[in-house]
Amino acid sequence: MSLITLTTDFGTKDHFVGAVKGAIYSELPDAKIVDITHEISPFNITETAYILKNSYKSFPKGTVHVIGVDSELSEENKHIALELDGHYFVCPDNGIISMIVAEFKPTKIVEITIHDRIESSFPVLEVFVQVACFIARGGNLTVIGREISEYKTIIEIQPKVNQLQDQIIGGIVYIDNYGNVITNISKKMFQEIGKGRNFEINAKKHKFTKVFSKYNEVASNSAYSNQQYEGHKLAIFNSANYIEIAIYRSNLDTVGGACSLLGLAYRDTVTINFINEPKQEFTTLN
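Residue 11 is where the sequence shown starts when you use our numbering, and the numbers rise one by one after that.
Right, here's the structure in full:
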C-alpha cells in the first residue's frame, strides 16, 4: 500500500483538495492518502514547517509527503523531490525543507523537470501528484528530475543567543487551534543556555518566570477548582518541546486564546533573560 500525505494552504471550501485526491486515486487506486492539514495560512511556509516537523516522523519510513504551499513555479521557486530521513518530500524549493529537518542531510535531491512537458497553473495537481505516485511505486528520483546537491535554506527565523549567553531572542512561529502561540525556542536550547538559572520570559508586556510541563499544573492548588483557573496565562513546554504561551482551557468563543487575550501575533518577539545571581559574601568572624 502506498502512503501519501497532503499538506496545503488550499482550505476545504474549494475543489482543490478533492481534485488532488482524485488524481492520486486515478494513478494509484490502492493509495492511502492522509490529510495532515489544508488550513495553513496562505503562503506561510514557517507555519507549514512547524506542522510537518512535528508530524512526519509519526509516519512509517517510505511515506511520500506532498507540500502544496507557495508552490507556483518560478526561477526563484523551483520544484524539488528528495529523500530525507527515510521519507520522501515533493515540494517547492522555497526554504521549507531547511526548516523541517535541519539536523538531517538528504540522501538524494532532484529538481523536477517534467514541467518541460506540462504547462501548469496548478502544479500540485498536475506535477506533484505524478511525482508522488511515481515515487510511491518505487520509482527512482533521478528519472523525474536533474540531481542537485543543495536546496534553498532560510535561517532568519532561528532564535538568537547574545554573546553573554544570558538572553535568548526568539519569536512566534505558529498559532494553534486554541489560540496558543508557539515560539521557535526549544526546550533543549532553553536548558543549554539557561543552565538551571532563574529566568524571565517576556512577550510584549507579559512576563513569565516559570515554564510548566503540563497545562493543568497551573491549577495545582487543590483549594480551588480547575474552573477557577480558566483564563490564566502560562508558559509551557508543549508536546513538540517548544516554549508555548497559552491560556489554560482556552476557548476562542468564550475565554479567548493567548493570541487575542495577550495581543500576541505571528513573528512577535519573545525574549528570555536569564538571571545571574550575585555571589554571596561571607564575613569571617575573628
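The beta carbon of each residue, even a glycine, is placed where N, CA and C say it ideally should be. Bear in mind the structure is a predicted one, so any value in this text is a computation, not a measurement.
*Does DSSP put Q177 in a helix, in a strand, or in coil?*
The sequence position of residue 177 within the sequence shown is 167, counting from 1. It is a strand residue.
*If you run the structure through DSSP and keep just helix, strand and coil, what is A112?*
Locating residue 112 in the sequence shown gives position 102, where the first residue counts as 1. DSSP places A112 in coil when its eight states are reduced to three.
*Whole-number beta carbon distance between K197 and G144, since they are thought to touch under 8 Å*: To locate residue 144, count along the sequence shown from 1; it is residue 134. To locate residue 197, count along the sequence shown from 1; it is residue 187. Residue identity differs from the one stated: residue 144 is Phe in this sequence, not Gly. In fact, because the Cβ distance is near 39 Å, the residues do not count as touching under 8 Å.
*Helix, strand or coil: which one does DSSP assign to Y234?*
Sequence index remark: in the sequence shown, residue 234 carries index 224 (1-based). Only weak support is given to the placement of Y234: the predicted model assigns it a pLDDT of 48, under 50, and the question is left unresolved by the model.
*Between the Cα of F222 and those of I179, K243, I106 and G180, spot the shortest distance and give me the residue it belongs to.*
Within the sequence shown, residue 222 is the residue found at index 212, counting from 1. Closest option to F222, Cα to Cα, is K243.
*Cβ atoms of I179 and K170: under 7 Å apart, would you say?*
Taking the first residue of the sequence shown as 1, we reach residue 170 at position 160. Taking the first residue of the sequence shown as 1, we reach residue 179 at position 169. Their beta carbons are under 7 Å apart, which means K170 touches I179 by this criterion.
*asked:* The beta strand (DSSP E) that contains K63, what's its start and end?
replied: As a working mapping, residue 63 is identified with position 53 in the sequence shown. Careful: K63 lies outside any beta strand (DSSP E), inside the alpha helix (DSSP H) at I55 to K63.
*Assigned exposure category for Y234 - 16 Cβ within 10 Å defines buried*: The residue you call residue 234 lines up with position 224 of the sequence shown. Model confidence at Y234 stands at a pLDDT of 48, short of 50, so the residue's coordinates are unreliable; what they give is reported in the following sentence. Burial call: exposed.
_Quick check: E57 and Y184, are their CB atoms within less than 7 Å of each other?_
Counting from one through the sequence shown, the residue named residue 57 turns up at place 47. Counting from one through the sequence shown, the residue named residue 184 turns up at place 174. Against a cut-off of 7 Å, the Cβ pair of Y184 and E57 comes out as a contact.
*Does the distance from the CB of P52 to the CB of D19 come in under 7 Å?*
Looking up residue 52 in the sequence shown gives position 42. Looking up residue 19 in the sequence shown gives position 9. Yes. Within cutoff.
*For C101, the residue or residues it bridges with in DSSP*: Here residue 101 corresponds to residue number 91 of the sequence shown, with the count starting at 1. BP columns for C101 point to I90.
*asked:* Tell me whether the stretch 83–93 and the stretch 144–157 touch, counting them as touching only if at least three CB pairs, one residue from each stretch, are closer than 8 Å.
replied: yes
_Straight-line Cα distance separating E210 from K88_ = Reading the sequence shown from its first residue, position 78 is the one you call residue 88. Reading the sequence shown from its first residue, position 200 is the one you call residue 210. Cα to Cα, K88 sits roughly 43 Å from E210.
_Can you tell me whether G149 is helix, strand or coil according to DSSP?_
On the sequence shown, position 139 is the one that residue 149 refers to. Correct three-state label for G149: coil.
_To the nearest angstrom, how far is the alpha carbon of N187 from that of E85?_
Working through the sequence shown from its first residue, we reach residue 187 at position 177. Working through the sequence shown from its first residue, we reach residue 85 at position 75. Computed Cα separation, rounded: 35 Å.
*Alpha-carbon to alpha-carbon, H25 and M109*: One-based indexing of the sequence shown puts residue 109 at position 99. One-based indexing of the sequence shown puts residue 25 at position 15. Each residue's alpha carbon lies about 29 Å from the other.
*6 Å CB neighbourhood of T293 in its chain, flanking five on each side removed*: Here the question's residue 293 lines up with position 283 in the sequence shown. Because T293 sits at a pLDDT of 48, beneath the cut-off of 50, its placement in the model cannot be relied upon, and the following sentence gives the value as read from the coordinates. Hits under 6 Å: none found.
*Apart from the five residues on each side of it in sequence, which residues of its chain come closer than 7 Å, Cβ to Cβ, to V139?*
Working through the sequence shown from its first residue, we reach residue 139 at position 129. Counting only Cβ-Cβ distances below 7 Å, and skipping sequence neighbours, we find V30, A33, I34 and E37.
*Roughly how many whole angstroms lie between the Cα atoms of T281 and A213?*
Translated into positions along the sequence shown, residue 281 becomes position 271. Translated into positions along the sequence shown, residue 213 becomes position 203. C-alpha separation (whole angstroms): 7 Å.
_Beta-carbon gap between S65 and I46 smaller than 7 Å_ = Position 55 of the sequence shown, counted from the start, is the residue given in the question as residue 65. Position 36 of the sequence shown, counted from the start, is the residue given in the question as residue 46. Yes, these two residues count as a Cβ contact at 7 Å.
*Does the distance from the CB of V141 to the CB of I167 come in under 7 Å?*
For this step, residue 141 is matched to residue 131 along the sequence shown. For this step, residue 167 is matched to residue 157 along the sequence shown. No.
*With C-beta atoms as the reference, is I43 less than 7 Å away from I61?*
For the purposes of this step, residue 43 is taken as the residue at position 33 of the sequence shown. For the purposes of this step, residue 61 is taken as the residue at position 51 of the sequence shown. For I43 and I61, no; Cβs fall outside 7 Å.
*Are there 16 or more other CB atoms within 10 angstroms of the CB of G267, so buried, or fewer, so exposed?*
Position 257 of the sequence shown, counted from the start, is the residue given in the question as residue 267. Counting Cβ neighbours within 10 Å, G267 comes out buried, since at least 16 surround it.
*asked:* Can you tell me where the alpha helix (DSSP H) holding A29 begins and where it ends?
replied: Along the sequence shown, read from residue 1 onward, the residue named residue 29 stands at position 19. Per DSSP, A29 belongs to the alpha helix (DSSP H) from F26 to E37.
*asked:* If I measure Cβ to Cβ from V27 and keep anything under 6 Å in the same chain, skipping five residues before and after, which residues do I get?
replied: In the sequence shown, the residue the question calls residue 27 occupies position 17. So the list reads F20 and H48, once near-sequence residues are dropped.
*Span of the beta strand (DSSP E) around F132*: Locating residue 132 in the sequence shown gives position 122, where the first residue counts as 1. It is not in any beta strand (DSSP E) - F132 carries neither H nor E in the DSSP assignment.
_Beta-carbon gap between K162 and D103 smaller than 7 Å_ = In the sequence shown, the residue the question calls residue 162 occupies position 152. In the sequence shown, the residue the question calls residue 103 occupies position 93. Closer than 7 Å, so yes.
_Quick check on E227: does DSSP put it in helix, strand or coil?_
Reading the sequence shown from its first residue, position 217 is the one you call residue 227. Three-state DSSP puts E227 in a helix.
*When we look at the beta-carbon of F114 and count the other beta-carbons within 10 Å, is it buried (16 or more) or exposed?*
In the sequence shown, counting from the first residue as 1, residue 114 sits at position 104. Classification for F114: exposed.
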